[in-house]
Amino acid sequence: MTDKSANQMWGGRFAAGPDAIMEAINASIGFDKRMAAQDIAGSRAHAAMLAETGVISDSDAEAIREGLLTVLSEIESGDFAFSTALEDIHMNVEARLKEIIGEPAGRLHTGRSRNDQVATDFKLWVRDQLDAAETGLLALIGALLEQAEAGADWVMPGFTHLQTAQPVTWGHHMLAYVEMFGRDLSRVRDARARMNECPLGAAALAGTSFPIDRHMTAKALGFDRPSANSLDAVSDRDFALDFLNCASICAMHLSRFAEELVIWSSAQFRFVILSDRFSTGSSIMPQKKNPDAAELIRAKVGRIFGANTALMMVMKGLPLAYSKDMQEDKEQVFDAADNWMLALAAMTGMVSDMSANREALAAAAGAGFSTATDLADWLVRVLGLPFRDAHHVTGSLVALAEKKGCDLPDLTLEDMKSVHADITEDVFAVLGVENSVNSRVSYGGTAPSGVRLQVERWKKALK
Ligand code: ARG
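With my numbering, you'll find the sequence shown wraps up at 966, consecutive numbering, no jumps.
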């Protein structure tokens, strides 16, 4: 006789129940209850297949189906009593099913194991998150495209080393992020296509002797096909790592943009005005309007990268096939997913609501000798100087302007001629920032015409 406290699912060979500490370290129900809907969907597909293939009777399958729907509604309405003693979501659901329908519940676990079950549930969960990420990215890209279109010809300084480099357009800067988030979108789609193979029916590790139809369950759950190797199916967590990689790279992009918004919204820059809806005040300094959402987005990358690293470390060195280590996969992914979706939504809100301070952007665009390259290019194009010489002459003119405390367009023609005698009045035409950006018509360049072209290209691609 086994001890009454031994586990009802696997207690057959046990004389005593687990120590409380054993139960605490072993249980995953505290977090894997988030996969309840996926677990029940997987079980329903499995039961229908078992009936179809004659492994269980139609009446048992019907009882299981009805019972699982009851369990699902209990969980959804918050009436379900989760039990730590039952370890995880799989055993919690099955035990409750047994209470509701009795003996047929025990037939559900034919031809499967918790190993293929958890892999299936988790894949379904991650797949939903990839779909949510796709939706979130499309919304963010849409908001950026609106900014880009509105400000296709608004001038602003472009930076390298965070030093003024050359004038660019607001639209061009927004489109740089469209490219980044567009790559994130394509990564998400790649990951989804790659992961969409169904582990269910791989059973514990070797497959099963029951005449199951894995193609049927795969199809019912929206997978493209069943996974082709049972050992791999139960021990693969690449799909979760792919997800975390997508999340990490996207979070890195989000943090770069967030950093720019923090800088741009400061009193020193005043490039953007963030909306009240996405800012906070200070409890002591009445004048403050803080870019908290941007700062938190900037920080989220830490935990998302952390989740990625943590799961890599969990998986490294694990022998085939399933090991309990793999139960440590979920909390990291859940946390990363929640925070990625939140960061995407917050960034989309900020981008939709923010307004560019066109005057401040234009004033900054002309400061810091930003058209020095245009001047050097003019010396090459009009006077025929080698670029290296033109660079040197321009450098001297910048030094002269710096000494006089003025910008390049404020130098007189005499000033110009004192450095290079052949310079003519015409040079002043290229020193304006509008001219500078309008001239950068090379493909992918900052000219407003190029920005409008790319906005159209993206709109078409996303349709
Ligand atoms: N709770 C487990 C997990 O999340 C389910 C699989 C348990 N399998 C086993 N052989 N003990 O990984």
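Heads up, the beta-carbon is just placed ideally off N, CA and C, and yes, glycines get one too.
I need the DSSP call for S826, collapsed to helix, strand or coil. Looking at S826 - three-state DSSP - the assignment turns out to be coil, as it is neither helix nor strand.
What is the DSSP secondary structure of Q650, reduced to helix, strand or coil? helix
Any idea if P670 is buried or exposed, counting beta-carbon neighbours within 10 angstroms, 16 or more meaning buried? buried
Quick one: any contact between the region 590-607 and the region 807-819, if contact means 3 or more CB pairs under 8 Å? no
Starting from M525 and walking both ways along the alpha helix (DSSP H), at which residues does that stretch end? 523-529
So what's P670 in DSSP terms, helix, strand or just coil? strand
Enumerate in chain order the residues of its own chain whose CB-to-CB distance from N793 is below 8 Å, with the five nearest sequence positions on each side excluded. S782, T783, G784, S785
Nearest candidate by alpha-carbon position, reference L757, set S768, A731, A796: A796
Residues in the same chain with beta-carbon distance under 8 Å from S586, minus the five sequence neighbours each way, listed in chain order, please. I532, N595, A598
Using the beta-carbon count (16 or more within 10 Å), is G639 buried or exposed? That one is buried.
In chain order, each alpha helix (DSSP H) run of at least 4 residues that lies wholly inside the region 826-883: 833-856, 861-869
Compare the C-alpha of A540 against each of W628, R617, G557, A518 and name the closest. W628
If you reduce the DSSP assignment to three classes, tell me which class N732 lands in. coil
P607 by DSSP, collapsed to three states: which one? Residue state, collapsed to three classes: helix.
By alpha-carbon positions, which one of R740, R547, V930 ends up nearest to H612? R547
Per-residue burial, W657 [other beta carbons within 10 Å of its own, 16 or more giving buried]: Label assigned to W657: buried.
Please classify K963 as buried or exposed, where buried requires at least 16 other C-beta atoms within 10 Å of its C-beta. exposed
Under three-state DSSP, which class holds C909? DSSP places C909 in coil when its eight states are reduced to three.
Comparing alpha-carbon positions, which option in M552, A879, D619 lies nearest Q830? D619
Top-ranked residue by Cα proximity to Q632, from L916, A932, A750: Comparing Cα-Cα distances from Q632 to each of L916, A932, A750, the minimum goes to A750.
Does the CB of A679 have a neighbour CB from chain D at under 8 Å? The displayed structure is made up of one protein chain only, and chain D is not part of it.
Evaluate contact between the region 799-809 and the region 753-768, counting only Cβ atoms and requiring at least three cross-stretch pairs below 8 Å. yes
Does the beta-carbon of L643 have 16 or more other beta-carbons within 10 angstroms, so that it is buried, or is it exposed? Residue environment analysis places L643 among the buried positions, since at least 16 neighbouring C-beta atoms fall within 10 angstroms of its C-beta.
Can you give me the Cβ contacts of P789 inside the same chain, cut-off strictly under 7 Å, excluding the 5 residues immediately before and after it? Sequence-distant partners of P789 (beyond 5 residues in either direction) whose C-beta falls short of 7 Å from its own C-beta are missing from its chain.
Tell me, please, whether the region 668-686 touches the region 711-730 by the rule of three or more beta-carbon pairs shorter than 8 Å. no
Do you know offhand how far I787's Cα is from A893's? Cα-Cα distance, rounded: 54 Å.
Per DSSP, what kind of secondary structure is M698 in: helix, strand or coil? helix
Based on Cα-Cα distance, which residue from Y825, F772, A564, N860 lies nearest to S616? Y825
Assigned secondary structure, T927 (DSSP; H/G/I helix, E/B strand, else coil): coil
Where the alpha helix (DSSP H) through V954 begins and ends: Per DSSP, the continuous alpha helix (DSSP H) segment holding V954 begins and ends at 951-965.
Hey, how far is the Cα of E959 from the Cα of V944? 16 Å
Cutting at 7 Å between CB atoms, please list the residues of its own chain near E937, excluding the five before and the five after it. V658
Quick check: is any heavy atom of the ligand ARG less than 7 Å from the C-beta of M829? It does: the Cβ of M829 is within 7 Å (strictly closer) of some heavy atom of the ligand ARG.
Given D828, which residues of its chain have a CB within under 7 Å of its CB, disregarding the five upstream and five downstream residues? V817, L821
Host beta strand (DSSP E) of F726 (start-end): Looking at the DSSP string, F726 is not in any beta strand (DSSP E), and its letter there is neither H nor E.
CA nearest to the CA of A646, picked from M857, K791, T897, F931: M857
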